[in-house]
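Trainee: Below is the structure I would like to discuss, written out as structure tokens.
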Amino acid sequence: MIKKNILIIGSSGGIGKAFINFYRKQDINNKIIGLSKTDKKDKESLDAHHLIDLEDEQSIENAANEAKTYGPYQLIIVATGALHGDDFSPEKSYKQISAKNLKKVFNINTFGPALIGKYFIPLLDNQNPSVLSFLSARVGSISDNKLGGWHAYRASKAALNMLIKNFSIELNRTNKLAKVIGLHPGTVDTRLSKPFQRNVPENKLFTPEFAAISMASVISNLHDNESGSIFAFDGSKIDS
Ligand SMILES: NC(=O)c1ccc[n+]([C@@H]2O[C@H](COP(=O)([O-])OP(=O)(O)OC[C@H]3O[C@@H](n4cnc5c(N)ncnc54)[C@H](OP(=O)(O)O)[C@@H]3O)[C@@H](O)[C@H]2O)c1
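Residue numbers (our numbering): 1304 to 1543.
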């Protein structure tokens, strides 16, 4: 295994932390850099950490300038995202849609990742294979949508999936060694899913460790023509 420069954006999250632990265990020599909104204490397993706020373009640009020092990166994982917060939760009906909540959810799940593309794609290795992975969600698939609801979250992830496809097309022209993909982690026991775990069968609620190992396997088994695709944790493709 060749040692890698790995950047985890959202290093404070349940899945972000599990990725850090996985890649640290995989090779002690991997250089792992973390970016997160909050300055969490458990940063020992990182080689460097900087702050980033996806709702603030200047902060994203500053974080990219800091991260550049440790690159180029063979792997960047964007493990940020929001489904609910202190003052918002997913809508059960169109009647609950509000512009304020839509903006909040799109800022974090779509506009922030779009700006990550802008500032971090240039940090991908262009001499060796590299992968930019965004955590998306199966509920962002339009063809898979049988339940409705969760308007802002679903729409923000559907739009993220379009950005992933767009980035892949542009990267295919500018850095043929780079792939960009979306990943659905399954339902994972983290802060994001906590309020919605009641109806999830026990064997369908994954630990962050299982999700990270599964998605790392998807990342390392990508084929050349699969850039722009959205994958579930088990390697199956999710249609848009
Ligand atoms: N858990 C699931 O069941 C599930 C299912 C499908 C998809 N996903 C996706 O997986 C991804 C990771 O979620 P998770 O389960 O690990 O949730 P989590 O534990 O709540 O982590 C969310 C991460 O997003 C970060 N974040 C939120 N707002 C931010 C902002 N403005 N700027 C920078 N970072 C921000 C958080 O940072 P702070 O902690 O520093 O605030 C945290 O690192 C998300 O994209 C989510 O949509 C999760």
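C-beta: ideal position from N, C-alpha, C; glycine also.
(1) Span of the alpha helix (DSSP H) holding N1281?
(2) Taking the straight line between their C-alpha atoms, what separation do you get for S1362 and P1511?
(3) Please state the DSSP three-state secondary structure of Y1422.
(4) Sorry if obvious, but does the Cβ on H1487 come closer than 7 Å to a heavy atom of ligand 1?
(5) Any contact between the segment 1432-1439 and the segment 1374-1383? By contact I mean 3 or more CB pairs, one from each, below 8 Å.
(6) Assuming Y1422 contacts E1364 (C-beta within less than 8 Å), just tell me the rounded distance between them.
(7) So, with DSSP's three-state summary, where would you put A1385?
(8) Which residues in the same chain as K1343 place their Cβ atom closer than 6 Å to its Cβ, once the five residues preceding and following it in sequence are excluded?
(9) Locate the beta strand (DSSP E) running through V1442, then write down its first and last residues.
(10) Does the distance from the C-beta atom of K1616 to that of S1446 stay below 8 Å?
(11) Could you tell me if the beta carbon of V1491 falls within a distance shorter than 7 Å of some heavy atom in ligand 1?
(12) I need the straight-line Cα distance from S1366 to D1359, nearest angstrom please.
(13) Assuming L1426 and K1497 form a contact by the criterion Cβ under 8 Å, report the distance between their Cβ atoms to the nearest whole angstrom.
(14) Check whether the segment 1411-1420 and the segment 1347-1359 touch, using three or more Cβ-Cβ pairs below 8 Å as the test.
(15) Give me whichever residues DSSP pairs with S1433 in a beta bridge.
Mentor: Looking at the coordinates:
(1) Residue 1281 lies beyond the residue range present for the chain, which begins at 1304 and ends at 1543; the question has no answer from this structure.
(2) 27 Å
(3) helix
(4) yes
(5) yes
(6) 5 Å
(7) coil
(8) S1315
(9) V1442 -> no beta strand (DSSP E), and no H or E assigned at all.
(10) Here the chain comprises residues numbered 1304 to 1543, so residue 1616 is not present and cannot be evaluated.
(11) yes
(12) Looking at the sequence provided, one finds Ala at residue 1366 rather than Ser. Their backbone Cα atoms lie some 11 Å apart in a straight line.
(13) Between K1497 and L1426 the Cβ distance is about 33 Å, and since that is not below 8 Å, they are no contact.
(14) yes
(15) A1481
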